[in-house]
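S.K.: Numbering (mature numbering (1 follows the signal peptide of the UniProt record, and there is no 0)), first residue to last: -27 to -1, 1 to 578.
Even for Gly, the Cβ is constructed at its ideal location relative to N, Cα and C.
Given the structure is predicted, the values throughout are model-derived calculations rather than measurements.
My questions will all concern the structure given below.
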Amino acid sequence: MQKKLIRRGATLSFAALLSFSVYSVDAQQSLTPNDAVAAAAARANALQDQQVQQQRDAQQRESAVEAPAVRSDIPDAKGFPSLPTESPCFRISGFALDVPPTLPDAARQQGASSLPLDRFAFAREWLEHYRGQCVGKDGVNLLAKGLQQLILSRGMVTTRVLLPEQDLSKGTLAFALIPGLIHELRFADPDTTGSWKSAFPARSGDVLNVRDLEQGLEQMKRVASQDADMKIEPTNTPGESDVVISVKRAKPWSVVASVDNSGSRSTGKLQGNLSVGIDNLFGLNDVFSAGVNQDLYLRDKQFGSHGFNGSYSIPWGYWTASLFGYTNTYYQSIAGANQTFVSSGNSQSAGFKLQRVLSRGQSDVLASYLQLSKRFGASFIDDTEIEVQHRNNTFLELGLTDRHYFGGAQFDGTLAYRQGIGAFGAQPGPVFEPNPNIAPTEPTKPYDPTYRFRMAVLDLNLSVPFAIGKQNFRYVGTMHGQYTNDTLFYVDDLTIGSRYTVRGFDGEQMLAAEKGFYWRNELQAPLGQTGQSLYAGIDYGRVYGPNTAFLAGTQLAGAVIGLRGGVPSKFAGFSYDLFAGTPIYKPSGLTTARVTFGFQLMARF
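This is the structure in structure tokens:
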């Protein structure tokens, strides 16, 4: 049967279609019966998309926080130590930091100060701090030690600084720079398959920098079935070392099956997921995964949901490229004034992400990324498409990520700019006509939501371990927020009131608007060495923007208590998460269970 369209205009109320969450009584009373059915269908589609997107975002944040980290124990430099007062001493008017001419050409080229990007410029700038000072024997040794420590703190652990014989009365203090080079990178076992070249940014002949080696190990460890370590071995050539990489691998594939009750009553509360991962598909430390999700009420065809997902990522030194795609389909029954309608919808997303580590330090990793994505979607009442819910969008996102360590604490942050653009056939959003049943007051003046928005997005995560007596604890705080001056469709709103945002709510009704934030706080208490952990949390969220004109409220707070853990076995690993939550604060117009019970059971083979 050919699909028909419900077109915009008087047939569909702007208020009904703009606000698909918990809207106010005045907005509900303004709807005609046809509007109410269309709004219910559109709301169901948008709610389903939001639930899937919330789960996906939570998984991505969890993966980013739990990404493997490699940190070498290198002491930091101590700034500028004060020179001792000595007699005799010599007034130093200049410094020289040069590679001895007796070293091989490769070493002299790496240490040459004439390079456009002088890798040792920081050392020469450090020495300039002492220009014009009077330096004696102890002062010379202090400068040599401080310079060596500075170079070491930058990760060049095999580079050395020596003091040649010289006459300080001429006013120049010279140091001999012995760059530590990589002679060869190789696997410890010559029969090891695959390649290290896609993971490590360093090559033979480069200055050995432990930061490059950390990056390579992290890129290899991101492959779940693979662990890697390395050691630096001296060679017969002065200043050159071999980097020997040891690799341990398990089976290159995995199967993960899970079941939870994260769905909605209208499209299937119980959800099943099955995914397959293949590691080192092309021997390049690449990762491929594909999965399917399906509601588990298979006998009841009045409602349901299912979807597919896939991703592929490959590293190249400090770069990582990723491809991803998702689909989601749902169907449910909606009661109209005189009959029951079948509401259905589908959405598809695909994108490309390119990430680059900008800098690595002892306690900090800073990176940037660019992401380009497409999104398609449609919703239907029986065989009639709701035109305003038809989506063909393109989005560009630029972001910065930072991981910082404070002792045993770990901070992960992302700041991103997201914009809807017209590239790759993207269509502008529909233009709404004013609803004659709602006066154009200040809160309702922006009639036209848009997919061509400009938005700032912030994600923060802090994990702090501590102990009280003999009991270990961990505090985990998470904050997510978005800000825009544009009016958005519900699917792009910030939504609160589910297990992935503000816990304590069943997720059947949520608050959504253009901008806002939520803050999750969790205290974890491991139960000895059992691998199980009790946790309790208090969450808060608030939304702002034009769409709040149709909401019953703008704030939610909830509490949760739960138990999570894992049980390893010979053939599979089992994990679980069981929790109960309750609202602390909610607007009176939002309906939710007094106590929400949730679970997730997972098996990895």
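Nearest to Asn301 by CA position, among Tyr291, Pro422, Gln312 and Asn282, is which residue?
M.R.: Position 328 of the sequence shown holds residue 301. The shortest C-alpha separation from Asn301 is found at Asn282.
S.K.: In terms of residues, what are the limits of the alpha helix (DSSP H) holding Ser126?
M.R.: Residue 126 sits at position 153 when you count from the first residue of the sequence shown. Where Ser126 is concerned, the enclosing alpha helix (DSSP H) stretches over Lys110 to Ser126.
S.K.: What does a CB cutoff of less than 7 Å around Ala79 pick up in its chain, not counting 5 residues either side in sequence?
M.R.: Taking the first residue of the sequence shown as 1, we reach residue 79 at position 106. Counting only Cβ-Cβ distances below 7 Å, and skipping sequence neighbours, we find Leu154 and Gly178.
S.K.: Measure the beta-carbon distance from Ala576 to Ala230 and round it to whole angstroms, keeping in mind my assumption that it falls under 8 Å.
M.R.: The residue you call residue 576 lines up with position 603 of the sequence shown. The residue you call residue 230 lines up with position 257 of the sequence shown. With 8 Å as the limit, Ala576 and Ala230 qualify as a contact, their Cβ atoms being about 5 Å apart.
S.K.: Could you tell me whether the stretch 253 to 265 touches the stretch 38 to 55, using the rule of 3 or more Cβ pairs below 8 Å?
M.R.: no
S.K.: Put Thr503 into one of helix, strand or coil per three-state DSSP.
M.R.: Residue numbering aside, residue 503 sits at position 530 when the sequence shown is read from its first letter. Of the three classes helix, strand and coil, the one that applies to Thr503 here is coil, per DSSP.
S.K.: Is the stretch 510 to 528 touching the stretch 474 to 487, taking contact as three or more C-beta pairs under 8 Å?
M.R.: Touching, per the Cβ criterion.
S.K.: Count the other C-beta atoms from every protein chain shown that fall within 10 angstroms of the C-beta of Gln485, then say buried if there are 16 or more, exposed otherwise.
M.R.: Numbered from 1 along the sequence shown, position 512 holds the residue referred to as residue 485. One point to set straight first is that residue 485 is Ala, not Gln, in the sequence displayed. Classification of Ala485: buried, given that the 10 Å Cβ count is 16 or more.
S.K.: Starting from the C-beta of Pro211, find all residues in its chain whose C-beta is less than 8 Å away, skip the five residues before and the five after it, and write them out in chain order.
M.R.: Working through the sequence shown from its first residue, we reach residue 211 at position 238. Only Leu76 and Ile151 meet the Cβ criterion.
S.K.: Would you tell me roughly how many angstroms separate the C-alpha atoms of Ala429 and Glu487, rounded to the nearest one?
M.R.: For the purposes of this step, residue 429 is identified with residue 456 of the sequence shown, where counting begins at 1. For the purposes of this step, residue 487 is identified with residue 514 of the sequence shown, where counting begins at 1. In a straight line, the C-alpha of Ala429 is about 11 Å away from that of Glu487.
S.K.: Whose CA, out of Gln335, Gly381, Ala294 and Val113, lies closest to the CA of Asp49?
M.R.: If you number the sequence shown from 1, residue 49 lands on position 76. By alpha-carbon distance to Asp49, the top candidate from Gln335, Gly381, Ala294 and Val113 is Gln335.
S.K.: For Pro288, does the count of other Cβ atoms within 10 angstroms reach 16, so buried, or fall short, so exposed?
M.R.: Your numbering for residue 288 matches position 315 in the sequence shown. Buried, since its Cβ has 16 or more Cβ neighbours within 10 Å.
S.K.: For Thr468 and Ile359, I'd like the C-alpha separation in whole angstroms.
M.R.: The residue given as residue 468 occupies position 495 in the sequence shown. The residue given as residue 359 occupies position 386 in the sequence shown. Computed Cα separation, rounded: 22 Å.
S.K.: Compute the Euclidean distance between the alpha carbons of Ala175 and Gly554, then round it to the nearest angstrom.
M.R.: Locating residue 175 in the sequence shown gives position 202, counting from the first residue. Locating residue 554 in the sequence shown gives position 581, counting from the first residue. Taking the straight line joining both Cα atoms gives about 50 Å.
S.K.: Express the C-alpha separation of Leu136 and Gly119 in angstroms, rounding to a whole number.
M.R.: On the sequence shown, residue 119 is found 146 positions in, with the first residue counted as 1. On the sequence shown, residue 136 is found 163 positions in, with the first residue counted as 1. One C-alpha to the other measures close to 13 Å.
S.K.: Have a look at the DSSP bridge pairing and note the partners of Leu181.
M.R.: Translated into positions along the sequence shown, residue 181 becomes position 208. Looking at the DSSP assignment, Leu181 forms no beta bridge with any residue, so it has no partner.
S.K.: Please list the terminal residues of the continuous alpha helix (DSSP H) segment that includes Gln83.
M.R.: Numbered from 1 along the sequence shown, position 110 holds the residue referred to as residue 83. Per DSSP, Gln83 belongs to the alpha helix (DSSP H) from Asp78 to Gln83.
S.K.: Within 10 angstroms of the Cβ of Ile441, are there 16 or more other Cβ atoms? Answer buried if so, exposed if not.
M.R.: In the sequence shown, the residue the question calls residue 441 occupies position 468. By the neighbour-count rule (16 or more Cβ atoms within 10 Å), Ile441 is not buried but exposed.
S.K.: Comparing C-alpha positions only, which one of Phe439, Ser239, Met129 and Pro541 sits nearest to Leu269?
M.R.: Against the sequence shown, residue 269 aligns to sequence position 296. Out of Phe439, Ser239, Met129 and Pro541, Ser239 has the C-alpha closest to the C-alpha of Leu269.
S.K.: With burial defined as no fewer than 16 other Cβ atoms inside 10 Å of the residue's Cβ, what is the status of Trp226: buried or exposed?
M.R.: Your numbering for residue 226 matches position 253 in the sequence shown. Exposed.
S.K.: Please name the residue, chosen from Gly380, Arg427 and Gly386, that lies closest to Gln392 on a Cα-to-Cα basis.
M.R.: Along the sequence shown, read from residue 1 onward, the residue named residue 392 stands at position 419. Looking at the Cα atoms, Arg427 is the closest of the given residues.
S.K.: Using the beta-carbon count (16 or more within 10 Å), is Asp164 buried or exposed?
M.R.: For the purposes of this step, residue 164 is taken as the residue at position 191 of the sequence shown. Taking every protein chain shown into account, the CB of Asp164 has fewer than 16 other CB atoms within 10 angstroms, so this residue is exposed.
S.K.: Can you name, in chain order, every residue of its own chain whose Cβ lies under 6 Å from the Cβ of Phe552, other than the five neighbours on each side?
M.R.: As a working note, residue 552 is residue 579 in the sequence shown. Excluding sequence neighbours, Phe552 sits near Val533, Gly535 and Gly571.
S.K.: Verify whether the separation of the beta carbon atoms of Pro57 and Gly128 is less than 9 Å.
M.R.: Sequence index remark: in the sequence shown, residue 57 carries index 84 (1-based). Sequence index remark: in the sequence shown, residue 128 carries index 155 (1-based). Result no, Cβ atoms of Pro57 and Gly128 do not sit closer than 9 Å.
S.K.: Which value, in whole angstroms, describes the spacing of the CA atoms of Gln(-26) and Gln400?
M.R.: Here residue -26 corresponds to residue number 2 of the sequence shown, with the count starting at 1. Here residue 400 corresponds to residue number 427 of the sequence shown, with the count starting at 1. The predicted model places Gln(-26) with a pLDDT of 42, which falls under 50 and marks its position as unreliable; any figure quoted below should be read in that light. Those two C-alpha atoms are separated by around 22 Å.
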